[in-house]
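Residue numbers 0 to 282, in numbering that gives the first Met the number 0, belong to the letters of the sequence shown in order. Where a beta carbon is used, it is the ideal one built from N, C-alpha and C, also for glycine. Every value quoted in this text rests on a predicted model; they were computed, and no experiment measured them.
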Amino acid sequence: MLQHSPFALTAAERDSGQILACRAVPKTDVTVAWLDDEFIEKPAIRQKAQVIARDKMTHDIMRLRLALEAPVKFRFAAGQYLNLTMADAPMRSYSMANRPDEAIVELHVRHVPDGKTSTAIHRDLAVGDRVEIEGPCGSAWLRDAHDGPIIALAGGSGLAPIRSIVETALHAGMKQPICLYFGVRREEDLYLVDHFEDLAKQFPNLTFIPVLSQSAATRHRTGFVTDALAFDHHSLADARAYVAGPPGMVDAAYAVLTERGVPAANIHADVFFTPEEEHPKIA
Ligand SMILES: Cc1cc2nc3c(=O)[nH]c(=O)nc-3n(C[C@H](O)[C@H](O)[C@H](O)COP(=O)(O)OP(=O)(O)OC[C@H]3O[C@@H](n4cnc5c(N)ncnc54)[C@H](O)[C@@H]3O)c2cc1C
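Below, the structure written as structure tokens:
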């Protein structure tokens, strides 16, 4: 440590093992990590992006791959989302499914029947088309300083941000148990199952649990995904939970998680809804 003012680092702070990184000179290779898990949020910026691939993942979920005009300016944390605008459709939010260190942005867009933008994306958006994106946004990002168990719960296309979170954690070498629950109605709604089953073989700390709410004849578990979660875990006091999907599932997950001891501050959730102002209530 070089000379420094006692005001900047008190004796008590020094005794607790803290240093002043700005006055410290490393003598050997060092490992650097955030002291706490606050992610320095980057301002959302607008830019153009080009569709470079579109793949049908299920009967109603489309995977879009976007090449951004200025990828270096789009520094997001796993779990965040962007706002997408395409011609003749209102702006909507979609979560990044890729890891932040991957340049190509991946989105999973479920077709909402009669939905304006999701219909336009499924019907009209073609490879080569340009869209406008604004982001990153959202606070349900991976807290990577946490070393307790991780519960990741996705409903339908909620798998997008959950995939980013889980794979970023694994890629960063996070070693705690990671339980990924994927709730859908029927077998035909499942996607990326082989991908996550392979990942669970590669990373023994990952457990992948698809749960089908409307199917009896299946090799997977059945019932509500939140009931499966409650059945499997009796105490989750030291866990953090990441939840993404439709409002009913997110509410149910919140109830189970708090009942099992997860502090509300450690539940990070994104509800996939269209903001109220887009659907004014009829008086
Ligand atoms: C933070 C955030 C992240 C999101 N990430 C994703 C994502 O990764 N993938 C994804 O597919 N969607 C995601 N969404 C939802 C997405 O932003 C749109 O709400 C969705 O695509 C529907 O838009 P639309 O214009 O097609 O439907 P609208 O024209 O807005 O809605 C048509 C009708 O469908 C209902 N509706 C709207 N949204 C839904 C829904 N999600 N499920 C069921 N009914 C609905 C509306 O109440 C309305 O009655 C996210 C939403 C938020 C807020």
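Assuming residue i and residue j make a contact with CB atoms under 8 Å, what is their CB distance in whole Å?
i: V126; j: V50; result: 5 Å
i: V130; j: M85; result: 5 Å
i: V24; j: L1; result: 7 Å
i: L228; j: Y180; result: 6 Å
i: N82; j: M95; result: Rounded, the Cβ-Cβ distance is 12 Å, inconsistent with contact.
i: G78; j: A139; result: 5 Å
i: R98; j: H170; result: 6 Å
DSSP on residue i, reduced to helix/strand/coil?
i: Q46; result: strand
i: G260; result: coil
i: I103; result: coil
i: N265; result: helix
i: A251; result: helix
i: L228; result: helix
i: A11; result: helix
i: V71; result: helix
i: K115; result: helix
i: A52; result: strand
i: R220; result: strand
i: H3; result: coil
i: H145; result: coil
i: H121; result: helix
i: H278; result: Because H278 carries a pLDDT of 45, less than 50, the predicted location of this residue cannot be relied on, and no value is offered for it.
i: R98; result: coil
i: D188; result: helix
i: A77; result: coil
i: A215; result: coil
i: A238; result: coil
Can you name the start and end residues of the beta strand (DSSP E) that residue i belongs to?
i: T206; result: 205-211
i: A192; result: A small fix is needed here, since residue 192 is Val in this sequence, not Ala. Premise fails: V192 lies in the alpha helix (DSSP H), 192-201, not in any beta strand (DSSP E).
i: R64; result: 60-67
i: I177; result: 177-183
Using only the alpha-carbon positions, how far apart do residue i and residue j sit?
i: G172; j: H233; result: 26 Å
i: V255; j: G137; result: 23 Å
i: A119; j: Q213; result: 28 Å
i: I60; j: G244; result: 13 Å
i: P246; j: V270; result: 5 Å
i: L158; j: K115; result: 22 Å
i: E12; j: L19; result: 10 Å
i: E133; j: D14; result: 45 Å
i: M248; j: G16; result: 43 Å
i: D237; j: C178; result: 14 Å
i: I266; j: Y253; result: 7 Å
i: I208; j: I150; result: 11 Å
i: L124; j: I161; result: 24 Å
i: D100; j: S156; result: 21 Å
i: H278; j: N204; result: Low confidence applies to H278: its pLDDT is 45, below 50, so where it sits in the model is not reliable enough to give any reading.
i: L8; j: K26; result: 21 Å
i: L152; j: Q46; result: 31 Å
If you follow the alpha helix (DSSP H) that residue i is in, where does it begin and where does it stop?
i: I164; result: 158-170
i: A153; result: That residue, A153, is in no alpha helix (DSSP H); its beta strand (DSSP E) goes 149-154.
Per DSSP, what are the beta-bridge partners of residue i in this structure?
i: L83; result: R91, I132
i: A243; result: A153, D269
i: R109; result: I60
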